[in-house]
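Novice: For reference, the structure I am asking about is given below.
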Amino acid sequence: MRNCPGLINSLMTYVQGQVERGELDDKSVENCVCILHNLSYQLDKEAPEHFSITDDETTQKQKANEDKSKNSLFSSKSTKNQKELSFPAMDTPNPEGVSLLYNRKSLQMYLFVLRLSHNEATLEACCGTLQNLAGSKNLVSTVMSQAFEKLNGLPLITSLLNSANQNLQKTAMSLLGNMSRVSNLRATMAKEVLPQVSSFLSSVTPNMVESDGTIATACRMMQTLALAEPELSKKVFNRNLIMTLSFLSEDM
Numbered sequence: 001m002r003n004c005p006g007l008i009n010s011l012m013t014y015v016q017g018q019v020e021r022g023e024l025d026d027k028s029v030e031n032c033v034c035i036l037h038n039l040s041y042q043l044d045k046e047a048p049e050h051f052s053i054t055d056d057e058t059t060q061k062q063k064a065n066e067d068k069s070k071n072s073l074f075s076s077k078s079t080k081n082q083k084e085l086s087f088p089a090m091d092t093p094n095p096e097g098v099s100l101l102y103n104r105k106s107l108q109m110y111l112f113v114l115r116l117s118h119n120e121a122t123l124e125a126c127c128g129t130l131q132n133l134a135g136s137k138n139l140v141s142t143v144m145s146q147a148f149e150k151l152n153g154l155p156l157i158t159s160l161l162n163s164a165n166q167n168l169q170k171t172a173m174s175l176l177g178n179m180s181r182v183s184n185l186r187a188t189m190a191k192e193v194l195p196q197v198s199s200f201l202s203s204v205t206p207n208m209v210e211s212d213g214t215i216a217t218a219c220r221m222m223q224t225l226a227l228a229e230p231e232l233s234k235k236v237f238n239r240n241l242i243m244t245l246s247f248l249s250e251d252m
């Protein structure tokens, strides 16, 4: 479908037009964003020719950082200044087709949808698109996660953790979990995300343990971000949170 002439351009143009008109809650926008969500799945694996991000030297440096991370309890601090990667293709002035799926202007559009839409299905698909782009455990995920943060996407994504819609909440948690793998985002994320994740975990009940995927992601992210900002973490660790974490560890 990605190679269907004009498809991606038409979808993006329509959604962008609706963003500009402030009309993002109708079914047509939902359908367009759902298609874009599907088209972004495993994009870097299925269209690798679009993702020439770094040279061997940078790759080796990242691997060295990862090796160091495995051997250090406080690895989040030791890799905090990880180099920001360069991906010029993201800023192509007039992208076409597949290039639109990861262009910075498109990411900006997705964030506008998250800010303005009240349609939960649209929000879930939009958040899922960002999750797909940040989901691979390679440099593509790093570049995309850094871009979301630079575009001030963290507050929008974090706010979705308060949703009563479990699917939307799960997708937002997964996206933030993916982003937390990028070491130089952790300090910023800790300030924005730790209070919300703490609140989520503090409210976990025995009946919620069935949604253990979301809970497991929250626990992993809690550990990662707490190590990145230990002083801040002291402020969010309260009695309820400690009791919940104790209960979850026993349940495992």
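So for the sequence shown, full-length UniProt numbering puts the first residue at 1; every next one is plus one. For each residue, glycine too, the CB sits at the ideal point set by N, CA and C.
Just verifying my parser: in three-state terms, what is the DSSP assignment at Y110?
Specialist: Residue state, collapsed to three classes: helix.
Novice: Just reading off the alpha helix (DSSP H) that K137 is part of, what are its end residues?
Specialist: Segment: none, K137 is in no alpha helix (DSSP H) and carries neither H nor E.
Novice: Alpha carbon to alpha carbon, how far is F51 from I35?
Specialist: If you take the alpha carbons of F51 and I35, they lie about 21 Å apart.
Novice: Of the residues R186, R181, E229 and Q166, which one's Cα is nearest the Cα of F200?
Specialist: Checking every option, the nearest Cα to that of F200 belongs to Q166.
Novice: Kindly indicate which three-state DSSP category F87 falls into: helix, strand or coil?
Specialist: Of the three classes helix, strand and coil, the one that applies to F87 here is coil, per DSSP.
Novice: Please state if the CB of L175 and the CB of L43 are separated by a distance shorter than 8 Å.
Specialist: Their beta carbons are not under 8 Å apart, which means L43 does not touch L175 by this criterion.
Novice: What did DSSP end up calling L227 once you bin it into helix, strand or coil?
Specialist: L227: helix per DSSP, three-state reduction.
Novice: Quick check on the burial criterion: 16 or more other C-beta atoms within 10 angstroms. Buried or exposed for E231?
Specialist: E231 should be labelled exposed.
Novice: Counting along the chain, where does the alpha helix (DSSP H) carrying S174 start and finish?
Specialist: Unbroken alpha helix (DSSP H) run through S174: Q166 to M179.
Novice: Using 10 angstroms around the beta-carbon of R186, count the other beta-carbons present and answer buried if the total reaches 16, otherwise exposed.
Specialist: Buried: at least 16 other Cβ atoms inside 10 Å.
Novice: How close, in whole Å, do the beta carbons of L154 and E124 come, if the pair is a contact with beta carbons under 8 Å?
Specialist: Contact doesn't hold; Cβ gap of about 18 Å is too wide.
Novice: Give the single residue among V33, K27, N240 and D26 whose Cα lies nearest to the Cα of S10.
Specialist: When each option's Cα is compared against that of S10, the closest is V33.
Novice: Excluding five sequence neighbours on each side, which residues of the same chain lie with their C-beta closer than 6 Å to the C-beta of L73?
Specialist: Legend: pLDDT at L73 = 42, less than 50; position of this residue unreliable, value from coordinates given subsequently. Excluding positions up to five away in sequence, the list is empty.
Novice: With distances taken Cα to Cα, identify the nearest neighbour of K150 among Q16, L107, L114 and L116.
Specialist: Answer by Cα proximity: L107.
Novice: Can you look up P5 in the DSSP assignment and give me helix, strand or coil?
Specialist: Three-state result, P5: coil.
Novice: Determine the contact status of Q18 and V29, defining contact as a CB-CB distance below 8 Å.
Specialist: In contact: Q18 and V29 (Cβ atoms closer than 8 Å).
Novice: Considering only residues of the same chain and omitting the five flanking positions on each side of T58, which have a CB-CB separation below 6 Å?
Specialist: Note on T58: pLDDT 49, under 50, position unreliable in the model; the coordinate value appears next. Cβ neighbours of T58 beyond the five flanking positions: none.
Novice: Taking the CB atoms as reference points, tell me whether N184 and S141 lie closer together than 8 Å.
Specialist: Taking 8 Å as the Cβ cut-off, N184 and S141 do not qualify as a contacting pair.
Novice: What do you get for T129, buried or exposed, if any count of 16 or more other CB atoms within 10 angstroms of its CB means buried?
Specialist: With 16 or more other Cβ atoms within 10 Å, it is buried.
Novice: Around the C-beta of N3, are 16 or more other C-beta atoms found within 10 angstroms, so that it is buried, or is it exposed?
Specialist: Exposed, by the Cβ-count rule.
Novice: Exposed or buried, H37, counting other C-beta atoms within 10 Å across all chains shown (16 or more means buried)?
Specialist: By the neighbour-count rule (16 or more Cβ atoms within 10 Å), H37 is buried.
Novice: According to DSSP, is A47 part of a helix, a strand, or is it coil?
Specialist: It is coil, neither helix nor strand.
Novice: Do S86 and T92 come within 8 Å of each other at the CB atom, strictly closer than that value?
Specialist: Contact: no.
Novice: Should E229 go down as buried or exposed, given a rule of 16 or more other Cβ atoms within 10 Å for buried?
Specialist: It is buried - the Cβ of E229 has at least 16 other Cβ atoms within 10 Å.
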